[in-house]
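Numbering (full-length UniProt numbering), first residue to last: 1 to 147. Glycine included, C-beta positions come from ideal geometry on N, C-alpha and C. Notes follow the structure.
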């Protein structure tokens, strides 16, 4: 079974996916953070967990925006599966530079998430220097009582 098949299955304890595509520009970070914060609160994350998700989305998006080609779009996909929020963020970059795992930002991402990965793929034969770079992470949570 492909990894993404389980994520796409809909049943009890699953929500989404919620997907937002915006121009890969820093001015869109506030919107992406707000969506992450709202989704985390709606799904029962506690305040600290919601803050972790917001920080992770901000850091991952910032990392990719810095590498994006002019006019590129940034795609953010959020899904909840059995107590785990999965966030997948991607954009087109020049030369497919992956985030370095020894940077402060990458270390922050590793601390506030439960799993973290970055990968790339070619977007076309006619433009071999343009690659789609992805950052995926998960955050597990224990449902909190609302009230």
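Where do the N-terminal and C-terminal ends of the alpha helix (DSSP H) with residue i fall, by residue?
i: residue 56; result: 47-67
i: residue 35; result: 29-42
i: residue 109; result: 104-112
When you compare only the Cα positions, how much space is there between residue i and residue j?
i: residue 17; j: residue 60; result: 18 Å
i: residue 56; j: residue 106; result: 9 Å
i: residue 136; j: residue 64; result: 12 Å
i: residue 154; j: residue 62; result: This structure gives no information on residue 154, because the portion of the chain shown stretches from 1 to 147.
i: residue 100; j: residue 87; result: 19 Å
i: residue 49; j: residue 40; result: 8 Å
i: residue 19; j: residue 80; result: 12 Å
i: residue 42; j: residue 66; result: 30 Å
Assuming residue i and residue j make a contact with CB atoms under 8 Å, what is their CB distance in whole Å?
i: residue 140; j: residue 114; result: 5 Å
i: residue 118; j: residue 73; result: Incorrect: roughly 18 Å between the Cβ atoms, too far for contact.
i: residue 98; j: residue 133; result: 6 Å
i: residue 68; j: residue 93; result: 6 Å
Spatial neighbours of residue i within its chain, please: CB distance less than 7 Å, with the 5 preceding and 5 following residues excluded, ordered by chain position.
i: residue 58; result: 29 and 33
Return the chain-ordered list of same chain residues with a C-beta closer than 6 Å to the C-beta of residue i, the five sequence neighbours on each side being excluded.
i: residue 85; result: 139
i: residue 36; result: 53, 54 and 57
Could you check if residue i is buried or exposed, using at least 16 other CB atoms within 10 Å of its CB as the buried criterion?
i: residue 148; result: Here the chain comprises residues numbered 1 to 147, so residue 148 is not present and cannot be evaluated.
i: residue 112; result: buried
i: residue 21; result: exposed
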